[in-house]
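Everything below concerns the one structure shown next.
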Amino acid sequence: MNLENITAGTPLKEAKKALIMLHGRGAGSNDILSIAKYLKVEDFALIAPQAENRTWYPYSFLVPIEENEPSFSKSLETIAEVVEAVQQNGIDKENIYFLGFSQGACLALEFTARNAAKYGGVAAFTGGLIGDKVYENHYSGNFENTPIFIGTSDPDFHVPVERVNETEVLLKKMGASVTKKIYPNMGHTISQDEIDLVNALIFTK
């Protein structure tokens, strides 16, 4: 999988915080980066990996995981490489943040749950843990009170509220400070209320 990382914001070598931004299916790095102007991330390095063919894995996040291989594992490896590169520039995990929309939100939640630690925070706009069910044995570590926001519409065509609720339960069990908000008939989008909440809960000065 040939991936490139699009960067913006404060140069990584100068930044003290980094935000890894994961785009949705059919979108690209520049699409997700455009959200940054609404967030309190002026002093962050912004890193947005670009998925090959604009998708992190081919099928729904609710199918058996093996059906989304090898793309699924390669996408997780890509994020791990980005995290490693950020750390090599002197930014600790507690100053690394994640944000994703839709497929990117699912991937952000999946990666951080598989590698739980004290992160700066996770903003998941419409997403949940990946698989035909939540496999608790796939996840390890402790979030040590990392703030995680999950917002979604009820209903949402791609992400059932049931999976969002299951995700919340698991993340809390792993020590995360989870804020979940369900919006009636919001549609598959990011709302101003969600932006306001993540600015207040995660991107605080």
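Position in the sequence shown counted from 1, then plus 1145, gives you our numbering. The beta carbon of each residue, even a glycine, is placed where N, CA and C say it ideally should be.
Please state the DSSP three-state secondary structure of residue i.
i: A1181; result: helix
i: S1218; result: helix
i: N1150; result: strand
i: A1261; result: strand
i: F1256; result: helix
Where residue i and residue j are concerned, what is the direct C-alpha to C-alpha distance, given to the nearest angstrom?
i: V1228; j: I1241; result: 8 Å
i: G1276; j: R1259; result: 13 Å
i: L1221; j: F1246; result: 16 Å
i: F1288; j: V1267; result: 11 Å
i: G1320; j: G1171; result: 33 Å
i: H1333; j: D1299; result: 10 Å
i: I1151; j: Y1204; result: 25 Å
i: V1323; j: N1198; result: 32 Å
i: L1207; j: F1189; result: 33 Å
i: Q1232; j: E1239; result: 10 Å
i: N1147; j: S1336; result: Residue placement at N1147 cannot be trusted, given a pLDDT of 37 that sits under 50; what the coordinates show is reported in the next sentence. Going by the C-alpha atoms only, they are around 32 Å apart.
Rounded to whole angstroms, how far is the Cβ of residue i from the Cβ of residue j, which I believe are closer than 8 Å?
i: G1249; j: G1169; result: 5 Å
i: S1216; j: W1201; result: 7 Å
i: N1234; j: K1161; result: With 8 Å as the limit, N1234 and K1161 do not qualify as a contact, their Cβ atoms being about 10 Å apart.
i: A1261; j: Y1284; result: 7 Å
i: L1342; j: F1294; result: 6 Å
i: G1296; j: Y1328; result: 7 Å
i: I1177; j: A1153; result: That belief does not hold up - the Cβ atoms of I1177 and A1153 are roughly 10 Å apart, past 8 Å.
i: I1236; j: A1163; result: 5 Å
I'd like to confirm the pairing. Which residues does DSSP put opposite residue i in its beta bridges?
i: Y1242; result: L1164 and G1266
i: D1299; result: P1329
i: S1322; result: P1292
i: Y1194; result: With the sequence shown as reference, residue 1194 is identified as Pro, and Tyr is not the correct amino acid for it. P1194 is bridged to N1150.
i: G1273; result: Beta-bridge pairing links G1273 to no other residue.
Practice task
Decide if the segment 1335 to 1349 is in contact with the segment 1304 to 1319; the criterion is three or more beta carbon pairs, one per stretch, under 8 Å apart.
Solution key: Touching, no, given that fewer than three Cβ pairs across the two stretches are closer than 8 Å.
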